[in-house]
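So that you can map any letter, position 99 of the sequence shown is 693 in the numbering used here, and since no number is skipped, the others follow by simple counting. The C-beta atom is built at its ideal place from N, Cα and C for all residues, glycine as well. Quantities reported herein were computed from a predicted structural model and do not represent experimental measurements. Structure first, then comments.
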Amino acid sequence: MNQMIDSLATQGYYLWDGFLTPEEVTDLRDCIPDDWKKARIGRNDEVVREAEIRSDKIQWLRRGMGTPVQEFLDKMEAIRLAANQAFFLGLFEYEAHFAKYEKGDFYQKHLDCFKGNENRRLTTVFYMNDEWSEEDAGELVVYDLNDKHIATIPPKAGRLLIFLSEQFPHEVLPTNTERFSIAGWFRINGVKDNQLDIAH
Ligand code: OGA
Ligand code: MN
């Protein structure tokens, strides 16, 4: 956890290999119900699907999905508290979805704090692909706000990437094989249309 805090402070991101063990990754994957929905841009119902931007399918994490999901969310809660303590970010809640990219699926370069998601401050991406190899592709490419390449990250099982949502545009390159991840966001509590924005 200290390394994560140091790296977030100096670089704005941290790649945490072995965040979960291979067994824990398997248990987590086994929790995913077979109920995939086309991903939409933004989190509100009225936003239209933008298939040209992303082609993955998602399911939001819920504690009722099982103990491995609960344990994952508990770990995220520990990260939330540590980040708030170190940086006074006022992170209020965490939302996350499983994502499935099938052969040819991608997510074009984007920032996670786009319209409708302005409250996102810290992004997490966790990978669940055993025996990933270079031919599988589907890497995450991370840039800075000047479009300078920062890192190309293979989506290997057990690793967690954490970064400041407003600082790093990123894209998922087309994958050659089925690819599973959990994308999540720590949000601050915002005010929208004169109402506290605490919807899930
Ligand atoms: C996202 C995202 C990256 C990934 O869902 O916003 O950038 O590697 N996902 O799954
Ligand atoms: Mn993203």
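Legend entry - Any heavy atom of ligand 2 nearer than 7 angstroms to the CB - residues listed: 701, 704, 706, 717, 764, 777
Inset, instruction - Enumerate in chain order the residues of its own chain whose CB-to-CB distance from residue 762 is below 6 angstroms, with the five nearest sequence positions on each side excluded. - result: 736
Inset, instruction - Pick helix, strand or coil for residue 761, following the three-state DSSP scheme. - result: coil
Inset, instruction - Kindly examine ligand 1 and report whether one of its heavy atoms sits closer than 7 angstroms to the Cβ of residue 693. - result: yes
Legend entry - Identity of the residue in 681, 613, 701 nearest residue 667 by Cα: 613
Inset, instruction - Leaving out five residues on either side along the sequence, give the residues of the same chain with a beta carbon under 6 angstroms from the beta carbon of residue 640. - result: Unreliable positioning characterises residue 640 in this predicted model, as indicated by a pLDDT of 43, which lies under 50. The coordinate reading is nonetheless provided below. None.
Inset, instruction - Indicate the three-state DSSP secondary structure (helix, strand or coil) for residue 604 in the structure shown. - result: helix
Legend entry - According to DSSP, residues forming a beta bridge with residue 674: DSSP output for residue 674 lists no bridge partner at all.
Legend entry - Selection from 597, 658, 766 that minimises the alpha carbon distance to residue 697: 766
Legend entry - DSSP three-state assignment for residue 713, whether helix, strand or coil: coil
Legend entry - Sub-8 angstroms separation of residue 754 and residue 717 beta-carbons: no
Legend entry - Of the listed residues 711, 778, 783, 784, nearest to residue 669 (C-alpha basis): 778
Legend entry - Buried/exposed call for residue 709, threshold 16 Cβ in 10 Å: exposed
Legend entry - beta-carbon residue 662 near ligand 1 non-hydrogen atom, thresh 7 angstroms: no
Legend entry - Assigned exposure category for residue 727 - 16 Cβ within 10 Å defines buried: exposed
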